[in-house]
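Chemist:
Chains as they are written, first to last, in my numbering: chain U, 1 to 184; chain F, 1001 to 1108.
#1: Does DSSP put residue 1042 of chain F in a helix, in a strand, or in coil?
#2: Along chain U, which residues have their Cβ under 7 angstroms away from the Cβ of residue 1002 of chain F?
#3: Mind listing which residues of the stretch 52-72 of chain U have their C-beta closer than 9 angstroms to chain F's C-betas, in chain order?
#4: According to DSSP, what are the bridge partners of residue 6 of chain U?
#5: Would you call residue 79 of chain U buried or exposed, if buried means 16 or more other Cβ atoms sit within 10 Å of its Cβ?
#6: Given that a residue counts as buried once 16 or more other Cβ atoms are within 10 Å of its Cβ, and exposed if not, what is residue 169 of chain U?
#7: Output yes or no for whether 8 angstroms exceeds the beta carbon distance between residue 1066 of chain F and residue 1060 of chain F.
#8: Tell whether a beta-carbon distance below 8 angstroms holds between residue 1017 of chain F and residue 1051 of chain F.
#9: Quick check: residue 1104 of chain F and residue 1098 of chain F, are their CB atoms within less than 8 angstroms of each other?
#10: Just curious, the alpha helix (DSSP H) that residue 38 of chain U is in, first and last residue?
#11: If we count the other Cβ atoms within 10 Å of its Cβ and call it buried at 16 or more, is residue 1100 of chain F buried or exposed?
#12: Quick check on DSSP: helix, strand or coil for residue 1070 of chain F?
#13: Output the boundary residues of the alpha helix (DSSP H) element that contains residue 201 of chain U.
#14: Distance check for residue 1006 of chain F and residue 10 of chain U, CA to CA, integer angstroms please.
#15: Measure the CB-CB distance between residue 48 of chain U and residue 1089 of chain F and report whether it falls below 8 angstroms.
#16: Just tell me which of F:1058, F:1102, F:1107, F:1082 has its CA closest to the CA of residue 176 of chain U.
#17: Return the residue from the list F:1033, F:1012, F:1047, F:1029 that minimises the CA-CA distance to residue 91 of chain U.
#18: Kindly give me the distance between the Cβ atoms of residue 1053 of chain F and residue 68 of chain U, rounded to whole angstroms, as I take these residues to be in contact under 8 angstroms.
#19: Starting from the C-beta of residue 142 of chain U, find all residues in its chain whose C-beta is less than 7 angstroms away, skip the five residues before and the five after it, and write them out in chain order.
#20: Could you pull the start and end residues of the alpha helix (DSSP H) that residue 147 of chain U belongs to?
#21: Leaving aside the five residues before and after residue 1063 of chain F along the sequence, list all residues of the same chain whose C-beta is less than 6 angstroms from its C-beta, in chain order.
#22: What number of angstroms, rounded off, separates the C-alpha of residue 140 of chain U from the C-alpha of residue 171 of chain U?
#23: Taking the alpha carbon of residue 1020 of chain F as the reference point, which residue from F:1036, F:1009, F:1010, F:1045 has its own alpha carbon closest?
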């Protein structure tokens, strides 16, 4: 276990400010795991979307702990505020309520345990890989603040910034065309 | 109390990312509706963003790069969700269903 990268490495006392921060972090991780478990295991799709929103709220907290309040805010805006609501609209428009529970019983025998074992294997492999690798820490040059992010977006990453706006524009037009085709 | 210092360790975030990825893969295989698979794919993208943010916080020399990359992943995920939902609505108009078992016209 010499590969653990902890900055700072010493543990705080339970009844200190840092200890309280640690407890809040554990609650945040519990939110992420609970939301993800609800989202992949709930029978009804509406509950799955609620689990998605819960998980992404927790993930915004995780981003906050990773020293990026800006991305925590964007996570709440884009994922919780836009993507989850969009999927909820999709469920309302494209799923008859009675059909959801109709043929739930003939669930494939192999799909459940097989999918679970594959996912467990992937989780174990990735965890071992993350814990055993000797990560190399580079000396810090930049800063975490939003000013540095904005400057990089408009200078060194300007081309990608323009590219992503074209992708979003094409996605809007494509979604309109796809959803309008076949309407009566 | 090493448990309270978990938020300062890189491994914690890598395990969270691996867990999200595993949930996503499980949902992709086990879900039987197209919307369920879309929800699971969001988890896979979130796992990638979590790993980028973790390496950005602990290892990278310039911490702005990882945040920008995660921002781009969010934009791609939003575009992907919009396109996928509109395809689903088009499919639902033709088939009156979004269960993957019903969409087997190309199956021999």
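Every residue, glycine too, gets a C-beta built ideally from N, C-alpha and C. Note that the coordinates shown come from a computational prediction; the quantities given were computed from them, not determined experimentally.
Modeler: So, to answer that:
#1: helix
#2: Against residue 1002 of chain F, the close residues of chain U are 11, in the order they occur along the chain (beta-carbon pairs closer than 7 angstroms).
#3: Listed by position along the chain: 52, 55, 56, 59, 62, 63, 65, 66, 67, 68, 70, 71.
#4: F:1009
#5: Buried, since its Cβ has 16 or more Cβ neighbours within 10 Å.
#6: exposed
#7: Pairing residue 1066 of chain F with residue 1060 of chain F gives a Cβ-Cβ distance under 8 angstroms.
#8: The Cβ-Cβ distance between residue 1017 of chain F and residue 1051 of chain F falls below 8 angstroms.
#9: no
#10: In the DSSP assignment, residue 38 of chain U falls within the unbroken alpha helix (DSSP H) covering 17-41.
#11: exposed
#12: Three-state result, residue 1070 of chain F: helix.
#13: What the structure shows of chain U is the stretch from 1 to 184, and residue 201 of chain U is not part of that stretch, so it cannot be assessed.
#14: 10 angstroms
#15: no
#16: F:1082
#17: F:1033
#18: That pair is a contact at about 7 angstroms.
#19: 148
#20: 146-154
#21: 1056
#22: 37 angstroms
#23: F:1045
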